[in-house]
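Here's the structure we're looking at; comments come further down.
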Amino acid sequence: MNNLFFLFIFIPILSLLLLGLNVLLAVHRPDESKVSAYECGFSPVYGQTRSTFQIHFYIVSMLFLIFDLEILLLFPIAVTLYQVSTFGFSIAIIFFIVLTIGFVLEIGSGAIALTNFDQPTYTDSIETGDSTSPKRETNSTATRYK
Numbered sequence: 007m008n009n010l011f012f013l014f015i016f017i018p019i020l021s022l023l024l025l026g027l028n029v030l031l032a033v034h035r036p037d038e039s040k041v042s043a044y045e046c047g048f049s050p051v052y053g054q055t056r057s058t059f060q061i062h063f064y065i066v067s068m069l070f071l072i073f074d075l076e077i078l079l080l081f082p083i084a085v086t087l088y089q090v091s092t093f094g095f096s097i098a099i100i101f102f103i104v105l106t107i108g109f110v111l112e113i114g115s116g117a118i119a120l121t122n123f124d125q126p127t128y129t130d131s132i133e134t135g136d137s138t139s140p141k142r143e144t145n146s147t148a149t150r151y152k
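In terms of this note's numbering, the sequence shown opens at residue 7 and continues consecutively.
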């Protein structure tokens, strides 16, 4: 069998067959949470066009943009790694060190909260199925690690 035949004929047919089987055999149970819009963990607010967001979302987006551009600067180094001289390699190592120091400072300043036990978490009430009345749970490091 030719590889192009396998790539252009067999794989799309197999994909459509599996998609069709999923549509026919899957259990469909739509409820309010499945059909509602989900955007960054916020419940949709109907009738209100403007709502306030926490500054944490903007900080994370700016950090993502900065790190994304830094990865873009690392790509040429990765492509030409065998052809780079000692000077180019030392510049790449310095760039990695600056990148690592910046990441450690961001974690240390609290801009990126990897685990946050001191903040209250809100979970939906499973018994009632009501997503508008959250139940408050507090997780603190003192009570969690006794």
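All residues carry an ideal CB built from backbone N, CA and C; glycine is no exception.
Residue i: first and last residue of the uninterrupted alpha helix (DSSP H) it sits in
i: Y64; result: I61 to V85
i: I19; result: I17 to L31
i: V41; result: E38 to V41
Residue i versus the options, residue with shortest Cα-Cα distance
i: L80; options: T92, I100 and L10; result: I100
Coil, strand or helix - residue i by DSSP
i: G116; result: coil
i: V110; result: helix
i: V90; result: coil
i: N9; result: helix
i: D130; result: For D130, the predicted model reports a pLDDT of 41, less than 50, meaning its position is unreliable and no value from the coordinates is stated.
Beta-carbon spacing of residue i, residue j below 8 Å
i: A98; j: I83; result: yes
i: A117; j: L69; result: yes
Cβ-heavy atom distance, residue i to the ligand MN, below 7 Å
i: S39; result: Absence of the ligand MN is noted for the structure shown, with no ligands found whatsoever.
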